[in-house]
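See below for the structure under consideration.
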Amino acid sequence: MTFGFFSFFIFFLAIILVFLAVKTVPQGTEFTVERWGRYTRTLRPGLHFIIPVMDRIGMKMNMQEQVLDIPSQEVITKDNALVRVDGVVFFIVNDAAKASYEVRDLTRAILNLTLTNIRTVMGSMDLDELLSQRDRINAQLLDVVDDATAPWGLKVTRVEIRDMEPPQDLVDAMARQMKAEREKRANILDAEGIRAAEILRAEGDKQAAILEAEGRREAAFRDAEAREREAEAEAKATNMVSEAIAQGDTQAVNYFVAQKYVEALEQFARSPNQKVFFMPTDVSGVLGSIGGIGELWKEIGPRNSDGGPNNGPWDKA
Numbered sequence: 015m016t017f018g019f020f021s022f023f024i025f026f027l028a029i030i031l032v033f034l035a036v037k038t039v040p041q042g043t044e045f046t047v048e049r050w051g052r053y054t055r056t057l058r059p060g061l062h063f064i065i066p067v068m069d070r071i072g073m074k075m076n077m078q079e080q081v082l083d084i085p086s087q088e089v090i091t092k093d094n095a096l097v098r099v100d101g102v103v104f105f106i107v108n109d110a111a112k113a114s115y116e117v118r119d120l121t122r123a124i125l126n127l128t129l130t131n132i133r134t135v136m137g138s139m140d141l142d143e144l145l146s147q148r149d150r151i152n153a154q155l156l157d158v159v160d161d162a163t164a165p166w167g168l169k170v171t172r173v174e175i176r177d178m179e180p181p182q183d184l185v186d187a188m189a190r191q192m193k194a195e196r197e198k199r200a201n202i203l204d205a206e207g208i209r210a211a212e213i214l215r216a217e218g219d220k221q222a223a224i225l226e227a228e229g230r231r232e233a234a235f236r237d238a239e240a241r242e243r244e245a246e247a248e249a250k251a252t253n254m255v256s257e258a259i260a261q262g263d264t265q266a267v268n269y270f271v272a273q274k275y276v277e278a279l280e281q282f283a284r285s286p287n288q289k290v291f292f293m294p295t296d297v298s299g300v301l302g303s304i305g306g307i308g309e310l311w312k313e314i315g316p317r318n319s320d321g322g323p324n325n326g327p328w329d330k331a
């Protein structure tokens, strides 16, 4: 009876020791092993054996990338503006032993370190820089926090400022400033448009004046040329009539006098003044009068001293 009880005790103790010696580490986790309270090694994912009683599992460390929320806090900027900010930190544990034994309460240490550096980095900037250079703030925070946590076996991958909330009076002031700036740009664009329109209008007027002057010049040239040709034709006609009279042709005299008579009547009829004009109703009488003048000239013609026709006023001494 005693031997059976002892055998059962030994068997039960062996089962407990085997259970204590076999350790299974899940994926994404690492265990630290301590022997008599001193760190000896790190167990990676998989099946492992330790010495019961002598060895024990010290810390179970999550090796996946973790996210830590940064609570909201108030930050005073370089220009004394009060801004409420919050953010997030992404980090990975690279060394389970350092993360377990180099710092106590790893999460709290990262949180306080990030809060402190947020106040340091953002407190050295103006409000306008905070609102317009968020990427620069994130980069500076990442460099500082990553360097500070490197002895803890961590790798900080990202530090992101999630929200920045200035006071309401500053928000209203920035809104008014933005509105004034936009109105200023709109007025500048309107002025530039009016200026461009005036320039184009002046260029158009200039081109129109140039074209009009060129037109007047061309018209004057054409008029002068027409008058010159008309004068040449008149001189040529007068010369031909003079030659015909010199040769004793009375028909040329009749044609010349009749032409001038008709032109005088035309100009008189076109004048705008009121007038009373008496003229023969029988046009043949006018032509007869012209014919009489021609016959009279014909009778005077033979009296020339040299026996030739008399040229009258055109006769040369």
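Just add 14 to wherever you are in the sequence shown, counting from 1, and you've got my numbering.
Each residue gets a CB set at the ideal place from its N, CA and C atoms; glycine is no exception.
What you are looking at is a predicted structure, and each value in this text was computed from that prediction instead of being measured.
- By a beta-carbon distance limit of 8 Å, valine 173 does not contact glycine 72. Their separation comes to about 30 Å.
- Judged by DSSP in its simplified three-state form, methionine 136 adopts helix.
- In the three-state reduction of the DSSP assignment, aspartate 160 falls in the helix class.
- Excluding five sequence positions before and after phenylalanine 105, the CB atoms of its chain that fall closer than 8 Å to its own CB belong to Glu79, Gln80, Leu82, Ile124, Thr163, Leu168, Lys169, Val170 and Thr171, given in chain order.
- Secondary structure at glutamine 191: helix, using DSSP grouped into helix, strand and coil.
- Judged by DSSP in its simplified three-state form, isoleucine 84 adopts strand.
- For tyrosine 53, the closest of Ala238, Leu127, Ala110 and Val99 by C-alpha to C-alpha distance is Ala110.
- The beta carbon of tyrosine 115 sits closer than 7 Å to the beta carbons of Tyr53 from its chain, once the five residues preceding and following it are set aside; these are given in chain order.
- Using a Cβ-Cβ distance cut-off of 8 Å, the stretch 205-225 and the stretch 143-160 are not in contact, since fewer than three pairs of beta carbons, one from each stretch, lie closer than that value.
- Beyond the five residues adjoining it in sequence on each side, leucine 57 comes within less than 7 Å, by CB distance, of Lys37, Val39, Glu44, Phe45 and Val47 in the same chain, given in chain order.
- If you look at lysine 112, you'll find it in the alpha helix (DSSP H) that goes 110-115.
- When the five nearest sequence neighbours on each side are left out, the beta carbons in the same chain lying within less than 7 Å of the beta carbon of proline 85 are those of Asp100, in order along the chain.
- About 37 Å separates the beta carbon of proline 180 from that of alanine 113, a gap too long to meet the 8 Å contact definition.
- Taking C-beta atoms as the reference points, proline 59 and alanine 35 fail to come closer than 8 Å.
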